Every structure is written in structure tokens, then in C-alpha cells.
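Numbering (the numbering used here), first residue to last: 2 to 320.
Working notes, structure below.
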Ligand code: FAD
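Right, dumping it as C-alpha cells:
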């Protein structure tokens, strides 16, 4: 059976959820081979988790040197694994860093590059959304080994037993890969909420909340659901929340299992960043608001009445 390589993203010895989704997606095309690139010890910390999600092999490219440089060494290491394994495809999660690695890899191996897929079938066809997600296209690489980045939450991660056989990969970095060195790194301070880009539940607030202080209504609803918090651009432009929370064409693209839009009209630029969400719930006092064209469930009502009641009910039912 053909092998399908998956680049592993892990933090503090824990495999990130998008990687587990990729291992699940990879099984449609062939046998998943996980690729771990990083400082010595990275692979040992994660190989059990990779085995639980079906990795037949774990390719290990570890060195202090690889960890000391951004992006370029990872593309070189991945290219070395491709040469060794001759896979049917290489899958990466659609993050900024991974898209750069994917582009460099595709160039090195002469493979077709497909970005930001939201679906992948057993024939290697990917689904992508273009022009602000107004159009859905199906695309397939016609050249070499396809390099595909998949958006988080495009597949539900499903466990499957894999042997996770360890395969050491030795990589000699080129001078070009060492052109930029990491001189310092700071661990981002994170709250207890999930990260917006790969959360499975997102609650977003729009201009309907009226002022910055009212945003706590959105946060309370999000916390009752264990959700990440997003916002429309109107809220960001008003300075009520930081730009990192903006969902949409010029913000973060999300594709959660559940997206709750509170006091958001549903402008095309906002929709571009959330319309692939599996279930969309809208709360808006205007029955004509465009968000209802997209919503699976809608409440026409005042968010100041509806959202707190919803939060209370969810909290009550959680017991
Ligand atoms: P509004 O459109 O003002 O809607 C507020 C909604 O709240 C209304 O539907 C109203 O009925 C409802 N409401 C008011 N009070 C209540 C209440 N008490 N209870 C319930 N409902 C209430 N926007 C983004 O979001 N993300 C982007 O990335 C983005 N990129 C853009 C890029 C470009 C180039 C441009 C031109 C625009 C972009 N925009 C983006 C802006 C976008 O066009 C809209 O202006 C913006 O999304 C509107 O935000 P909103 O829905 O919060 O506000």
C-alpha cells in the first residue's frame, strides 16, 4: 500500500489535533507515515499518540541544529523523507509556517502544491474554497508527489492502531537552510481557552454587542461551551478586542464543528472565514440579517436576553 506522509505538529510532547486529523485523512489515500522533525527526544514523546492514530511508521529527523533554524531545514528534512519513502502524497496542517514548508517542499521535489484544502478523497481530489469562499473547487495535482495543506477541522480525528515503526532519517542541512537562525523564542501566554484557528467550537461576537464591556457576554457563552472566542472586524476596528480574534477574509479562517455568531450581520468578508463550519448558529435581532441565509439554527432576538439564557441553560445541563 502506498505511503502518505504527514508532518507532525507537536507542542510540549503533545500531538496537535490537526495532525491527528491529517493521520485520519491520510488513511483514505494509503498508509500514514508520520514525520517528526525537531530537537532530540521530540519523537519519543509523541510516538504512542501517533500509533493510536494509525501511523505505520514514524520518520525521525532530529538534531539540535534542525531545531535552531526556522522553516527551511524542515523543508529539507521532509524532502529527504520523501526521497526515502516515495509517498503517494504529503499532508501538512494549514498553518502559516506549514504553508511555507509546503511551498519549499513542492519546489524541491517537483510536486503539485494544493493549499487550504477542506476535503480530500481516496483518489487524491481535494476541495478548496476560493474568492472569499464564494466558490468551491475540486482540484488534483497532475505533477509529481502532491503536497497538500488541509485546514484544521476538515476531518474528525479517528483512532486506528498503527505500528509506529521508528525510521531514523539523517539530514545534512545546506548552507541555504541555515540562512536565518532563531536567536530567541518566547512562549506565548495563553489563557485556558482553545486556540481560535483549530478550535472545534467557536463563539464570535459582532457590533451588536454595542460596547467593549459587553463582550464578556460572548466570553461567558464561549466558556460554557469550552469554545474559542472570535469577533467580527467591526468589533476589532472599534478596538474592543485584538485583531488576533478577527474571523474572516482579513482575519483568521475557522472551520469548527460549531460556530455561534452573536450580533453579527454576516457580511461576505466575515462569511469567508467561517462558512465551512459544520453547524452554524446565529443570534440576531434582525430577521433579515444575511447570517441567517447561512445558519443551520437561528434565534431572532436580542442577544442581551438570548445569550445569557443560553449560557445558563448550557451550564445547567452540564451539571
Ligand atoms: P454589523 O454589520 O454592523 O452587524 C451588527 C449586527 O448586529 C446586525 O445584523 C444587527 O442586526 C445585530 N444586532 C444589533 N444589536 C443587536 C442585539 N441587541 N441583539 C442581536 N443582534 C443585534 N469583516 C469581518 O468580520 N472579518 C473580516 O475579515 C473582514 N474583512 C474585510 C475586508 C475588507 C476588504 C472589507 C471591505 C471589509 C471586511 N470586513 C470584515 C468588514 C465587513 O464588511 C463587515 O463590515 C463586518 O463584518 C460587520 O461586522 P458586524 O457584523 O459585527 O457588524
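All C-beta atoms, glycine included, are put in the ideal place defined by N, C-alpha and C.
It should be emphasised that the depicted structure is a prediction, and the values quoted were computed from it without experimental measurement.
Tell me the DSSP secondary structure of residue i in three-state form.
i, result
"residue 43", "helix"
"residue 206", "strand"
"residue 182", "coil"
"residue 169", "strand"
"residue 84", "helix"
"residue 117", "strand"
"residue 151", "strand"
"residue 33", "strand"
"residue 146", "coil"
"residue 99", "helix"
"residue 161", "strand"
"residue 306", "helix"
"residue 219", "helix"
"residue 110", "helix"
"residue 295", "helix"
"residue 130", "strand"
"residue 289", "coil"
"residue 67", "helix"
"residue 17", "coil"
"residue 280", "strand"
"residue 212", "coil"
"residue 262", "strand"
"residue 59", "strand"
"residue 237", "helix"
"residue 79", "helix"
"residue 251", "coil"
Would you mind stating whether residue i and residue j have Cβ atoms separated by less than 8 Å?
i, j, result
"residue 209", "residue 265", "yes"
"residue 170", "residue 62", "yes"
"residue 5", "residue 93", "no"
"residue 207", "residue 157", "no"
"residue 240", "residue 274", "no"
"residue 121", "residue 3", "no"
"residue 227", "residue 205", "no"
"residue 148", "residue 103", "yes"
"residue 95", "residue 150", "yes"
"residue 59", "residue 48", "yes"
"residue 153", "residue 199", "yes"
"residue 222", "residue 312", "yes"
"residue 259", "residue 202", "yes"
"residue 81", "residue 172", "yes"
"residue 1", "residue 316", "Residue coverage of the chain in this structure runs from 2 to 320, which leaves residue 1 outside it and unanswerable."
"residue 1", "residue 253", "Given a span of 2 to 320 for the chain in the structure shown, any question on residue 1 remains unanswerable."
"residue 22", "residue 155", "yes"
"residue 302", "residue 286", "yes"
"residue 143", "residue 113", "yes"
"residue 100", "residue 125", "no"
"residue 46", "residue 14", "yes"
So is residue i buried or exposed if we call it buried at 16+ other beta carbons inside 10 Å?
i, result
"residue 30", "buried"
"residue 257", "buried"
"residue 85", "exposed"
"residue 271", "buried"
"residue 213", "exposed"
"residue 189", "exposed"
"residue 10", "buried"
"residue 267", "buried"
"residue 233", "buried"
"residue 78", "buried"
"residue 195", "buried"
"residue 90", "buried"
"residue 219", "buried"
"residue 298", "exposed"
"residue 280", "exposed"
"residue 290", "buried"
"residue 132", "exposed"
"residue 20", "buried"
"residue 242", "buried"
"residue 331", "Any property of residue 331 remains undetermined from this structure, which presents the chain solely from 2 to 320."
Am I right that residue i and residue j are in contact with their C-beta atoms under 8 Å? What's the rounded C-beta distance?
i, j, result
"residue 39", "residue 56", "Not really, about 16 Å apart at Cβ, beyond 8 Å."
"residue 296", "residue 283", "4 Å"
"residue 50", "residue 277", "Actually they do not touch by this definition, with Cβ atoms about 26 Å apart."
"residue 197", "residue 66", "At roughly 33 Å, the Cβ-Cβ gap does not stay under 8 Å, so residue 197 and residue 66 are not in contact."
"residue 52", "residue 165", "4 Å"
"residue 98", "residue 72", "6 Å"
"residue 183", "residue 145", "The Cβ separation is near 30 Å, so there is no contact."
"residue 74", "residue 178", "5 Å"
"residue 127", "residue 115", "5 Å"
"residue 237", "residue 244", "5 Å"
Tell me whether residue i counts as near ligand 3, meaning its Cβ is closer than 7 Å to at least one heavy atom of that ligand.
i, result
"residue 187", "The model depicted lacks ligand 3 and carries ligand 1 instead."
At the 8 Å Cβ level, is residue i part of the contact set with chain B, yes or no?
i, result
"residue 82", "Judged by its chain identifiers, the structure shown contains no chain B, having just a single protein chain."
Ligand 1: which residues have Cβ under 5 Å from any of its heavy atoms, chain order?
Having a Cβ closer than 5 Å to some heavy atom of ligand 1 are 207, 208, 209, 233, 234, 235, 249, 250, 251, 252, 264, 265, 266, 268, 270, 271, 285, 286, 287, 290, 303, 304.
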